[in-house]
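Protein sequence lines, in the order shown, are assigned to chains H and X. For the first sequence, this note's numbering begins at 1 and goes up steadily by one. For the second sequence, this note's numbering begins at 1 and goes up steadily by one. Backbone N, C-alpha and C define an ideal beta-carbon position, used for all residues, glycine too. Bear in mind the structure is a predicted one, so any value in this text is a computation, not a measurement. To keep things clear, I will list the structure first and then write my remarks on it.
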Amino acid sequence: MSFKRDISTSSLSGFTLSAILILTILSILIQNIPKQITTAGDKLLELNSQEGVSNAVTSVVVYFRGFDTLGEIAVLFIASLGIGLMLSNNTKCDIKAQSNFMLKTAAKILFPIILLFGIYIIVYGHLSPGGGFQGGVIIASAILLLVISYQNFELSHKIIELLETFAGISYVLIGLIGLIVLDKFLGNFLPSNISNMGMLLSGGIIPIIYIIIGIKVGSEMSLIVQNLIRRAQ
Amino acid sequence: MFEYLNQVQNIKTIITIGSMALFCVGLFGLLTKKHFIKIFISIAIMESSLFLFFIGLSYNSSLVAPILTKNHQNFSQMNDPIPHAMILTAIVIGMSVLALGISFAIEYYKVTGKTKIDEMKDLRH
């Protein structure tokens, strides 16, 4: 039984026709969207002006939907665990393309700058666009630069393990302290004055949780990148 | 020249047509390509088209981004922050699923030496 997946011209034209039909229906629907509708986001913006930080997306991600973010971090952790398990035979193989002098020098110069930029994105996540996930991915890209340029570079598993454990445990602990103090999981138990909105120290637990998310995402993404490059061949 | 873009309906029509075209590109790649990694990349293209669609439909050019700035000091007349937060979640989930799938493909290649999906006959008799 052959598994060849040949696509004939008739099915291709049918595919195109149905795509055009769906597009037409969707654009007719969109032309009739009402201009002013009140959404759930408007209510959240009202709430955010009473307790929150100046970046409304951050307060939705970390505060109003903080429990979902905990689950999301668990998904990321499970993916990292699965990649480590799948590629776990410890055959150390060298990358065939050797990195040259220019890449090594550029990595040496660029690594601290990229790392600093990632930390800036994480720490200012409640004031400007950015945050823990974005900054963590930037830190992982700095690690990627080191991994592709130095053949002997290996992340210390002890340190990564320590960072990951610290981040996960402290996230849950902050949530539990909020549950004890304010009867609400991830309740904002630190002082958060509205008049401080826009300062670096504002918003109570929200910047702390975003820094924790940044540590977690950065270490896990670095481990994923290193596993995929070092053990994939 | 681009005044018609100021109308919300027009720009939403353009976003719909563009993201659905990108979705069709991904679907075409998913149906016709046979290499594992090309199939995963097609799924990633379909995902990103949906992200564009979701973010684009929540866009309103008369409102500002949901961040306080010097010129905008209160939380009114702002875009909806919920789609941004949800797509932020979805991007991270999609990334981890893509990385896990690629590692499965790599491990399958290391065990059997096959890279095409129509050579996968190990469990068939």
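Hey, how far is the Cα of residue i from the Cα of residue j?
{"i": "Leu-12 (chain H)", "j": "Ile-15 (chain X)", "result": "24 Å"}
{"i": "Ser-76 (chain X)", "j": "Val-61 (chain H)", "result": "19 Å"}
{"i": "Ser-49 (chain X)", "j": "Met-95 (chain X)", "result": "14 Å"}
{"i": "Tyr-124 (chain H)", "j": "Leu-179 (chain H)", "result": "26 Å"}
{"i": "Gly-101 (chain X)", "j": "Ile-41 (chain X)", "result": "10 Å"}
{"i": "Asn-193 (chain H)", "j": "Glu-51 (chain H)", "result": "8 Å"}
{"i": "Gly-82 (chain H)", "j": "Ile-159 (chain H)", "result": "19 Å"}
{"i": "Val-92 (chain X)", "j": "Leu-223 (chain H)", "result": "15 Å"}
{"i": "Gly-56 (chain X)", "j": "Leu-45 (chain H)", "result": "20 Å"}
{"i": "Ile-213 (chain H)", "j": "Gln-134 (chain H)", "result": "10 Å"}
{"i": "Met-199 (chain H)", "j": "Leu-127 (chain H)", "result": "8 Å"}
{"i": "Ser-10 (chain H)", "j": "Leu-17 (chain H)", "result": "10 Å"}
{"i": "Pro-112 (chain H)", "j": "Leu-70 (chain H)", "result": "29 Å"}
{"i": "Ala-56 (chain H)", "j": "Glu-161 (chain H)", "result": "32 Å"}
{"i": "Leu-87 (chain H)", "j": "Ile-215 (chain H)", "result": "24 Å"}
{"i": "Ile-109 (chain H)", "j": "Ile-229 (chain H)", "result": "22 Å"}
{"i": "Thr-105 (chain H)", "j": "Gln-98 (chain H)", "result": "14 Å"}
{"i": "Pro-191 (chain H)", "j": "Gly-218 (chain H)", "result": "28 Å"}
{"i": "Leu-29 (chain H)", "j": "Ser-59 (chain H)", "result": "32 Å"}
{"i": "Val-25 (chain X)", "j": "Phe-15 (chain H)", "result": "12 Å"}
{"i": "Phe-51 (chain X)", "j": "His-157 (chain H)", "result": "34 Å"}
{"i": "Leu-30 (chain X)", "j": "Val-64 (chain X)", "result": "37 Å"}
{"i": "Leu-103 (chain H)", "j": "His-72 (chain X)", "result": "44 Å"}
{"i": "Leu-68 (chain X)", "j": "Ile-87 (chain X)", "result": "21 Å"}
{"i": "Thr-24 (chain H)", "j": "Ala-107 (chain H)", "result": "50 Å"}
{"i": "Glu-106 (chain X)", "j": "Pro-66 (chain X)", "result": "Strictly speaking, residue 106 (chain X) in this sequence is Ile, with Glu absent from that position. Distance between the alpha carbons of Ile-106 (chain X) and Pro-66 (chain X): 42 Å."}
{"i": "Met-221 (chain H)", "j": "Ala-99 (chain X)", "result": "10 Å"}
{"i": "Lys-43 (chain H)", "j": "Pro-129 (chain H)", "result": "21 Å"}
{"i": "Ile-33 (chain H)", "j": "Ile-73 (chain H)", "result": "35 Å"}
{"i": "Ser-2 (chain H)", "j": "Asp-122 (chain X)", "result": "Any reading at Ser-2 (chain H) is ruled out, since the residue's pLDDT is 49, under 50, leaving its predicted position unreliable."}
{"i": "Ser-103 (chain X)", "j": "Asn-6 (chain X)", "result": "45 Å"}
{"i": "Gly-175 (chain H)", "j": "Gly-84 (chain H)", "result": "29 Å"}
{"i": "Lys-33 (chain X)", "j": "Ala-21 (chain X)", "result": "18 Å"}
{"i": "Asn-227 (chain H)", "j": "Gly-118 (chain H)", "result": "21 Å"}
{"i": "Tyr-150 (chain H)", "j": "Ala-167 (chain H)", "result": "28 Å"}
{"i": "Ile-11 (chain X)", "j": "Asn-48 (chain H)", "result": "29 Å"}
{"i": "Arg-124 (chain X)", "j": "Leu-27 (chain X)", "result": "26 Å"}
{"i": "Leu-21 (chain H)", "j": "Met-1 (chain X)", "result": "29 Å"}
{"i": "Tyr-210 (chain H)", "j": "Ile-177 (chain H)", "result": "17 Å"}
{"i": "Asn-196 (chain H)", "j": "Asn-74 (chain X)", "result": "14 Å"}
{"i": "Glu-119 (chain X)", "j": "Ala-19 (chain H)", "result": "31 Å"}
{"i": "Gly-131 (chain H)", "j": "Val-8 (chain X)", "result": "29 Å"}
{"i": "Ile-45 (chain X)", "j": "Leu-76 (chain H)", "result": "20 Å"}
{"i": "Ala-90 (chain X)", "j": "Glu-47 (chain X)", "result": "9 Å"}
{"i": "Ile-122 (chain H)", "j": "Leu-201 (chain H)", "result": "14 Å"}
{"i": "Leu-115 (chain H)", "j": "Ile-139 (chain H)", "result": "5 Å"}
Given the structure, does residue i come close to the ligand SAH, in the sense that its CB is under 7 Å from one of the ligand's heavy atoms?
{"i": "Asn-196 (chain H)", "result": "With respect to the ligand SAH, the structure offers nothing, as it holds no ligand at all."}
Could you spell out the range, first to last residue, of the alpha helix (DSSP H) harbouring residue i?
{"i": "Lys-216 (chain H)", "result": "206–230"}
{"i": "Val-64 (chain X)", "result": "Val-64 (chain X) -> no alpha helix (DSSP H), and no H or E assigned at all."}
{"i": "Ile-39 (chain X)", "result": "36–57"}
{"i": "Met-20 (chain X)", "result": "8–32"}
{"i": "Asp-234 (chain H)", "result": "Here chain H has residues from 1 to 233 only, and residue 234 (chain H) is not among them."}
{"i": "Phe-15 (chain H)", "result": "9–31"}
{"i": "Glu-46 (chain H)", "result": "40–50"}
Tell me, please, whether the stretch 140–154 of chain H touches the stretch 202–210 of chain H by the rule of three or more beta-carbon pairs shorter than 8 Å.
In the pairwise beta carbon analysis, the stretch 140–154 of chain H is classified as not touching the stretch 202–210 of chain H: fewer than three pairs are separated by under 8 Å.
Validate contact between the stretch 57–67 of chain H and the stretch 173–187 of chain H using beta carbons, cut 8 Å, 3 pairs:
The stretch 57–67 of chain H makes contact with the stretch 173–187 of chain H; the number of CB pairs closer than 8 Å reaches 3 or more.
With 8 Å as the C-beta to C-beta threshold (strictly closer), list the residues of the stretch 6–18 of chain X near chain H in chain order.
So the close ones are Val-8, Gln-9, Lys-12, Thr-13, Thr-16, Ile-17.
Are at least three pairs of beta-carbons, each pair with one atom in the stretch 20–39 of chain X and one in the stretch 107–120 of chain X, less than 8 Å apart?
Using a C-beta cut-off of 8 Å, the stretch 20–39 of chain X makes contact with the stretch 107–120 of chain X, since at least three inter-stretch Cβ pairs fall below that distance.
Start-end ranges of the alpha helix (DSSP H) lying completely within the stretch 69–122 of chain X, minimum 4 residues
Counting only runs of 4 or more, we get 81–112.
Between the stretch 50–63 of chain H and chain X, which residues of the former have a C-beta closer than 7 Å to a C-beta of the latter?
The stretch 50–63 of chain H vs chain X, Cβ under 7 Å: Ser-54, Asn-55, Ala-56, Val-57, Val-60, Val-61.
Residues within the stretch 119–134 of chain H neighbouring chain X, beta-carbon criterion of under 9 Å:
For the stretch 119–134 of chain H, which is checked against every Cβ of chain X, the residues closer than 9 Å are Leu-127, Ser-128, Pro-129, Gly-131, Phe-133, Gln-134.
Check whether the stretch 79–86 of chain X and the stretch 60–67 of chain X are in contact - that is, three or more C-beta pairs closer than 8 Å.
Contact between the stretch 79–86 of chain X and the stretch 60–67 of chain X is present, because at least three Cβ pairs lie under 8 Å.
Which runs of the beta strand (DSSP E) at least 3 residues long sit entirely within the stretch 73–145 of chain H? Give them in chain order.
Counting only runs of 3 or more, we get nothing.
Tell me which residues of the stretch 73–96 of chain X have at least one Cβ-Cβ distance to chain H shorter than 7 Å, keeping chain order.
Taking 7 Å as the Cβ-Cβ cut-off against chain H, the residues of the stretch 73–96 of chain X that qualify are Asn-74, Phe-75, Met-78, Asp-80, Pro-81, Ile-82, His-84, Ala-85, Leu-88, Thr-89, Val-92, Ile-93, Ser-96.
To be precise: take each residue of the stretch 25–40 of chain H, compare its Cβ to all Cβ atoms of chain X, and keep it if any distance is under 8 Å. Which residues remain?
Hits within the stretch, in order: Leu-26, Ser-27, Ile-30, Gln-31, Ile-33, Lys-35, Thr-39, Ala-40.
Determine which residues of the stretch 74–88 of chain H have a Cβ less than 7 Å from any Cβ of chain X, and write them out in chain order.
The stretch 74–88 of chain H vs chain X, Cβ under 7 Å: Val-75, Leu-76, Ala-79, Gly-82, Ile-83, Met-86, Leu-87.
Compile a chain-ordered list of the residues in the stretch 190–203 of chain H whose CB is closer than 8 Å to at least one CB of chain X.
Per Cβ criterion, the list reads Met-197, Gly-198.
Contact set between the stretch 36–47 of chain X and chain H, restricted to residues whose Cβ is under 8 Å from the partner
From the stretch 36–47 of chain X, no residue has a Cβ closer than 8 Å to chain H.
If you measure beta-carbon to beta-carbon, which residues of the stretch 154–185 of chain H are closer than 7 Å to chain X?
Within the stretch 154–185 of chain H, no residue qualifies.
Name the residues in the stretch 136–151 of chain H whose C-beta lies less than 7 Å from a C-beta of chain X; which are they?
Correct list: empty, as no residue qualifies.
Where the stretch 206–224 of chain H meets chain X: residues whose CB sits under 7 Å from a CB there
For the stretch 206–224 of chain H, the beta-carbon criterion of a distance under 7 Å to any beta-carbon of chain X is satisfied by Ile-224.
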